[in-house]
Structure formats: C-alpha cells, structure tokens
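Student: One structure coming up, written as structure tokens, with questions to follow.
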Amino acid sequence: MRLLKRLFQAPDRGTAPTLYAAIVARGRETHWYEKGQVPDTIDGRFDMIAAVMSLVLLRLEQAEEAIPFSTQLTEVFIHDMDGQLRQIGIGDIVVGKHVGKMMGMLGGRLGAYREALAGGDLGEALVRNLYRGAAPAPEALAHVETALRTFHAALADTPVATLLAGDLA
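Encoded structure:
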C-alpha cells in the first residue's frame, strides 16, 4: 500500500510551487508583451518565464542551503511544462523529448544570463534568448533589460529565507 501511495502521490516540493507560481505571474505581466514587445505566443511566454526563472535560480545559486530548493523549483517547472505540453495536444510519446528540450533551453538561458549580467551586456543575451534573434525596437529592448536588471537587483536584496518561503517579494 505504501509503495502504491508513493508511486501515485505527488512528491512534496515544499514551498517551491508557491515561488514558481510567483515566477509565472511575474513572467506573464503585460508590460513584457506590450512595452517590451516580447511575442505574446506560447514560445514568447515560455521565454519570458524562463528569463524570470533564470534570475531566481541565479539568486538561489548564491546560497548553499538553497541548492535542494533549486532542485525542487526546477522539478515544479518540469511538471508544469509537461502539463502545458499535454494541454496543447503534444502526445505522450514525445512529451519527454519536448520537456528535455525545454530543460536544455532553460539551462542555456541560465548560462547566457549569468554571463551577460556578469559582463554587463544583457541586451545581446535577451535578443538571442528572449527574442530568438529578432531584435525588437530599441525602446522595447531597453524596457525589458531595465526591468530585468531591476528585478535582479531586488532579488540580490531579498533574503534567501524569503525565497525559500516561496515569496518572490
């Protein structure tokens, strides 16, 4: 009976689902799509959520106690992407392949944004990863870059315990 319960019961991911919901809400804010000209498409929304998620993961990287939480947060992301793919009609046989590709994309963005923030040129990384190579109007790019830099700075000032409690602040 215990084995069946473990097989069919969702794993306990602590407060990671709460933080993930805040990440998704932040990534769906209308200013990204209106002022920032992020394409309001499935891909555009994925890219925006991945950008916000990347900044949160970069913040969590800075605290050793947050590493298990980062794993839980990533598992929630995977679970959500799996459900989203199924909802849009991707069949069971290829869902895993698509989720794997999305994880690779998230990992690539994580590295690109880490490097760009350290080097100071976030705009180029945004054009390549958020806009998939098609640069928006300069004021749109500036809006997104400024908003993400402000968010990154706010995350740096947010105690890790606050994030671990599931609060994006």
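Residue numbering for the sequence shown follows our numbering, starting at 16 and increasing by one per position.
All C-beta atoms in this analysis are idealised placements derived from N, C-alpha and C, irrespective of residue type, glycine included.
So, are the CB atoms of Gln87 and Gly29 less than 7 Å apart?
Tutor: For Gln87 and Gly29, yes; Cβs fall inside 7 Å.
Student: I need the straight-line Cα distance from Glu139 to Ala131, nearest angstrom please.
Tutor: Answer to the nearest angstrom: the Cα atoms are 8 Å apart.
Student: Below 8 Å on the Cβ atoms is my contact criterion, and I expect Val53 with Asp62 to pass it. Report the Cβ-Cβ distance as a whole number of Å.
Tutor: Confirmed, Cβ separation roughly 7 Å.
Student: Counting C-beta neighbours from all protein chains within 10 Å, is the total for Ala169 16 or more, i.e. buried, or is it exposed?
Tutor: Classification for Ala169: exposed.
Student: Taking contact to mean at least 3 C-beta pairs separated by less than 8 Å, is the region 42-59 in contact with the region 114-130?
Tutor: The region 42-59 is not in contact with the region 114-130.
Student: Could you tell me the distance, in whole angstroms, from the CA atom of Ala81 to the CA atom of Ala133?
Tutor: Distance between the alpha carbons of Ala81 and Ala133 is about 21 Å.
Student: Between which two residues does the alpha helix (DSSP H) holding Pro153 run?
Tutor: Note, Pro153: alpha helix (DSSP H), Pro153 to Asp172.
Student: Would you report the Cα separation of Tyr128 and Ile108, rounded to the nearest angstrom?
Tutor: Approximately 32 Å, taken between the alpha carbons.
Student: Find the nearest neighbour of Ala66 within the set Ala155, Ala152, Ala184 and Leu137, judged by alpha-carbon distance.
Tutor: Minimum Cα distance to Ala66 is reached at Leu137.
Student: Spatial neighbours of His167 within its chain, please: C-beta separation below 7 Å, excluding the five flanking residues on both sides.
Tutor: Here the set comprises Leu70 and Leu132.
Student: For the alpha helix (DSSP H) containing Glu139, list its first residue and its last residue.
Tutor: Start and end: Leu137 to Asn144.
Student: For the alpha helix (DSSP H) that contains Thr177, what are its first and last residues?
Tutor: Where Thr177 is concerned, the enclosing alpha helix (DSSP H) stretches over Val175 to Leu179.
Student: Would you kindly work out how many angstroms separate the C-alpha atoms of Thr33 and Arg74, rounded to a whole number?
Tutor: In a straight line, the C-alpha of Thr33 is about 17 Å away from that of Arg74.
Student: Please classify Gly29: does DSSP put it in a helix, a strand, or coil?
Tutor: Residue state, collapsed to three classes: coil.
Student: Would you call the CB atoms of Ala155 and Gly42 closer than 7 Å?
Tutor: Not a contact, by the Cβ cut-off of 7 Å.
Student: Nearest-angstrom Cα distance between Pro151 and Gly135?
Tutor: Roughly 19 Å separates the two Cα atoms.
Student: If you draw a straight line from the alpha carbon of Pro174 to that of Ala78, how long is it in whole angstroms?
Tutor: Looking at the two C-alpha atoms, the distance is approximately 10 Å.
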